[in-house]
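Student: Taking this note's numbering, the leading residue of the sequence shown gets 77, the next gets one more, and so forth.
No residue lacks a Cβ here, since even glycine has one placed at the ideal position from N, Cα and C.
Please read these numbers as outputs of a predicted model, since none were measured by experiment.
So that we are looking at the same thing, I have put the structure below in structure tokens.
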Amino acid sequence: MRSQSEPAAAEPGAIARPPLVRELLLVAGLFLVYKFGRQLATGHTAEALHNAHRIWDLERTLHLPSEVDVQSALLHGDTLVHLANTYYATVHFPATLAFLVWLYLKRPAHYVWARRVLALVTAAALVLPFTFPLAPPRMLAATGLVDTARVYGPSVYGPPSSDHLSNQFAAMPSLHFGWALMVAIGLIVATRSRWRWLWLLHPAITLLVIVGTANHYWLDAIVATAMLGAALALIHPPHRTATTAGRGTRHLVSEEPALVGAGR
């Protein structure tokens, strides 16, 4: 018999928490790629504006709701539009970072899965600005949309000609929405609370914000959703194998990564 003082054997298939320093570097790299990667595709102003008119016309052909209607609802009061601009400027990165930190501390296997999915979606999203540069709807005067961040504040963008920190002609896909949707999906999959479906409010609010502030088209969010769906189909979440006593937590077994080297 094993002595009571002898350490219990590790659960088969249990996932150890990845090394902290490595993960800090990987996550920092992910954010830097997102922040600066799109700058490589700058200098396509005329093509981006032409594509913007094409997207706007395509949405009308598809009978999608008008972005103008969403913005009109925001413009009923200065407070509401200011809150929308603040949400756009301040929630995106901190919410995603908090999501990854929580998973790292509480659900290591889900953390590895979520980090791989976010990395794949972000990398794929950097391709589109090269092949399909797109100006945001706030730059199309014919739409009647207002650049709410410039008019009401706060704004994260400067004039396109002098903004060297971002590529404003990379509206498609909307990683604001894609990351928000992944945060909600990740928390729904990784938790068991009956209230976990309320996390879907985060991408829902994000969608209304990015459209209402005229930073994105509906199609930007639709394309981001399709890209996230493809990433989730390639990289599967860990599955639960047994229920532990007491608090109802579960041991996790990680599936083999769908992409070779995806966790490197």
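My output table needs one value for L210: the three-state DSSP class, helix, strand or coil.
Tutor: DSSP places L210 in strand when its eight states are reduced to three.
Student: Look at the alpha carbon of A217 and the alpha carbon of H186, and state the distance between them as a whole number of angstroms.
Tutor: Each residue's alpha carbon lies about 44 Å from the other.
Student: Which residues does DSSP list as the beta-bridge partners of A246?
Tutor: A246 pairs with L210.
Student: Could you tell me if V299 is buried or exposed, where buried requires 16 or more neighbouring beta carbons within 10 angstroms of its beta carbon?
Tutor: With 16 or more Cβ atoms within 10 Å of its Cβ, V299 is classed as buried.
Student: Measuring only the C-alpha atoms, how far is M215 from F107?
Tutor: Going from the Cα of M215 to the Cα of F107 covers about 26 Å.
Student: If you reduce the DSSP assignment to three classes, tell me which class H158 lands in.
Tutor: The answer is helix: DSSP assigns H158 an H, G or I state.
Student: Is it buried or exposed for W294, if we count other Cβ within 10 angstroms and need 16 for buried?
Tutor: When all chains shown are included, W294 counts as buried.
Student: Give every residue of the same chain whose Cβ lies closer than 7 Å to the Cβ of L274, excluding the five residues on either side of it in the sequence, and list them in chain order.
Tutor: Cβ neighbours of L274 beyond the five flanking positions: none.
Student: Out of H315, A225, L277 and A200, which has the shortest C-alpha to C-alpha gap to T266?
Tutor: Sequence inspection shows Ala at residue 266; the Thr mentioned does not correspond to that position. When only C-alpha atoms are compared, the closest one is H315.
Student: Taking all protein chains shown into account, do 16 or more other C-beta atoms lie within 10 angstroms of the C-beta of G305, making it buried, or fewer, making it exposed?
Tutor: Label assigned to G305: exposed.
Student: How should D154 be labelled, buried or exposed, when 16 other C-beta atoms within 10 angstroms of its C-beta is the threshold for buried?
Tutor: Counting Cβ neighbours within 10 Å, D154 comes out exposed, since fewer than 16 surround it.
Student: Nearest by alpha-carbon distance to V144: which of I281, P230 and V222 is it?
Tutor: Answer by Cα proximity: V222.
Student: When you compare only the Cα positions, how much space is there between Y233 and M258?
Tutor: Cα to Cα, Y233 sits roughly 25 Å from M258.
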